[in-house]
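As numbered in our numbering, residues 454 to 769 make up the sequence shown, in order. What follows is a single structure, written as C-alpha cells, with notes after it.
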Amino acid sequence: MPDRIYFDHSATTPIDPRVAFAMTLPNGECYGNPSSLHSEGRQARDLINRARAQVAGLIGATPAEIVFTASGTEADNLALLGVFRFANGDRLGHMITSSIEHPAITETCRFLEQNGVQATYLPVDEHGVVDPDDLAKALRPDTRLVSIMAANNVVGTLQPIAELARIAKEHGALFHTDAVQSAGKVPLDVGQVPVDMVSMSAHKLHGPKGIGALYIRSGVHLQPLVFGGGQEHGLRSATENVAGIVGFGAAAQLAASDMTDEAVRLVQLRYRLLAGLQEVLPGLSDWPSFQAASGPSLSRVCRSGGRIDPVVVEFG
Ligand SMILES: Cc1ncc(COP(=O)(O)O)c(C=O)c1O
Numbered sequence: 454m455p456d457r458i459y460f461d462h463s464a465t466t467p468i469d470p471r472v473a474f475a476m477t478l479p480n481g482e483c484y485g486n487p488s489s490l491h492s493e494g495r496q497a498r499d500l501i502n503r504a505r506a507q508v509a510g511l512i513g514a515t516p517a518e519i520v521f522t523a524s525g526t527e528a529d530n531l532a533l534l535g536v537f538r539f540a541n542g543d544r545l546g547h548m549i550t551s552s553i554e555h556p557a558i559t560e561t562c563r564f565l566e567q568n569g570v571q572a573t574y575l576p577v578d579e580h581g582v583v584d585p586d587d588l589a590k591a592l593r594p595d596t597r598l599v600s601i602m603a604a605n606n607v608v609g610t611l612q613p614i615a616e617l618a619r620i621a622k623e624h625g626a627l628f629h630t631d632a633v634q635s636a637g638k639v640p641l642d643v644g645q646v647p648v649d650m651v652s653m654s655a656h657k658l659h660g661p662k663g664i665g666a667l668y669i670r671s672g673v674h675l676q677p678l679v680f681g682g683g684q685e686h687g688l689r690s691a692t693e694n695v696a697g698i699v700g701f702g703a704a705a706q707l708a709a710s711d712m713t714d715e716a717v718r719l720v721q722l723r724y725r726l727l728a729g730l731q732e733v734l735p736g737l738s739d740w741p742s743f744q745a746a747s748g749p750s751l752s753r754v755c756r757s758g759g760r761i762d763p764v765v766v767e768f769g
C-alpha cells in the first residue's frame, strides 16, 4: 500500500505512461510544423490527423468535426462566443445555461450579458440535476444557444443531456455541452444524441494539460476567437501543439477502449472509499445519494454540521 493516494482526479489526472510515450515522437524527431509542405511538416500533419480521428472516435464524430483548442476552457469559450460574436441588434438574442456550470461557461455568459446577450440560469434539484421541463419553459423565440454541462465537476451528477438537447433542437436552438468531466468516462455518441457542440479536455482523461477540443457538428458555423494562419478550419489559428494533440489522441483511444471496465472498477472503489472514510470520520455521508445518476469517477461526501474543506486539508 503506497503512503499516499492521489484522489483529486476531478482537478486533473496523472498522465498515462502510454500517453507520455506516444508524445515522445512529436517532442523529439517529429518536430516539423504541420503547415509545412516538406516531409517533416507532413509527418507532423499525419500525427495530428491520426489524433483527430482518435478524439472523434471517443464520441462517434467524424475527424472534420473536431477542433483542437488550448484547453477545455477555450473550447467552452469558442462554443459560446463563437455563436454570439459579431452579433448585434436583433441577432444578439438569448441563451440558457444552468446555475452549476464551470466558470469557463459562467464567466463567458457574464461577458456576453455585458455585451447585450440575455441569459437564463436554470436551477437544479437537490441532486444537482436540471429539470427538462424548466428548459422547455425557459426557451424563447430568440433563444439561440443552450449550454448545459454533461457532468458536474464538484458533485459529479450527470445531466439528462439527450433529453435536454432534443428539447433545444425541437425549438431551433443550438445545444452545447461541457463534457470535460465526463468525456472518456461516460459514453456519449453524437450520432445518437443531438448535441451541436461538445467541449473536452485531455488532462481529465490521463492526457496532457493545455490541450482541449470542441466537437462542432457538421453544418454548425461559429466565429473564430483567434485569427491568423487559418489552422483548425480557421477557427483556432496558431501552430498546433502537436505533442499535446498526439497525447490527447492516445488518451482518447485508451479511454474509449477501457471505458466499461474502468466504470465498474471506479464504482467499486467509490463504495470502498466511502466505507473507509466513514470508519474514521463518523457522520460522513455521500451526497447527493449514490443512487442519483452520476459519473463513476467522482465521489463526494459531506459531513453533517461541518464543512468538508478542513477534512481535505487535514488529509493533506
Ligand atoms: C466542467 C469543466 N469544464 C471546464 C473545465 C476547464 O478545463 P481546462 O482545465 O482544460 O481549461 C474544467 C476543469 O476543471 C471542468 O471541470
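Even glycine gets a Cβ: it sits at the ideal position worked out from N, Cα and C.
Buried versus exposed call for residue i [16 or more other C-beta atoms within 10 Å across all chains shown]
i: residue 659; result: buried
i: residue 454; result: exposed
i: residue 596; result: buried
i: residue 521; result: buried
i: residue 648; result: buried
Own chain residues within Cβ distance below 6 Å of residue i, not counting five before or after
i: residue 706; result: 507
i: residue 571; result: 547
i: residue 587; result: 575
i: residue 593; result: 547
i: residue 530; result: 561
i: residue 673; result: 649
For residue i, the three-state DSSP class (helix, strand or coil)
i: residue 675; result: coil
i: residue 627; result: strand
i: residue 468; result: coil
i: residue 700; result: helix
i: residue 604; result: strand
i: residue 545; result: coil
i: residue 597; result: strand
i: residue 724; result: helix
Residue nearest to residue i in terms of C-alpha spacing, selected from the options
i: residue 559; options: 577, 544, 533, 537; result: 533
i: residue 704; options: 467, 456, 726; result: 467
i: residue 631; options: 554, 502, 723; result: 554
i: residue 637; options: 592, 722, 712, 484; result: 712
i: residue 489; options: 463, 657, 693; result: 693
i: residue 460; options: 499, 734, 732, 726; result: 726
Same chain, Cβ closer than 8 Å to residue i, five either side skipped, listed in chain order
i: residue 515; result: 509, 671
i: residue 585; result: 613, 616, 617, 620
Contacting residues, own chain, Cβ-Cβ under 7 Å from residue i (five flanking each side not counted)
i: residue 676; result: 535, 538, 539
i: residue 679; result: 689, 690, 691
i: residue 581; result: 553, 605, 608, 610, 741
Worksheet item: Given 8 Å as the limit, is there contact between the region 518 to 528 and the region 568 to 584, that is, 3 or more CB pairs closer than that?
Response: no
Worksheet entry | Three CB pairs or more closer than 8 Å across the region 470 to 481 and the region 682 to 692 | no
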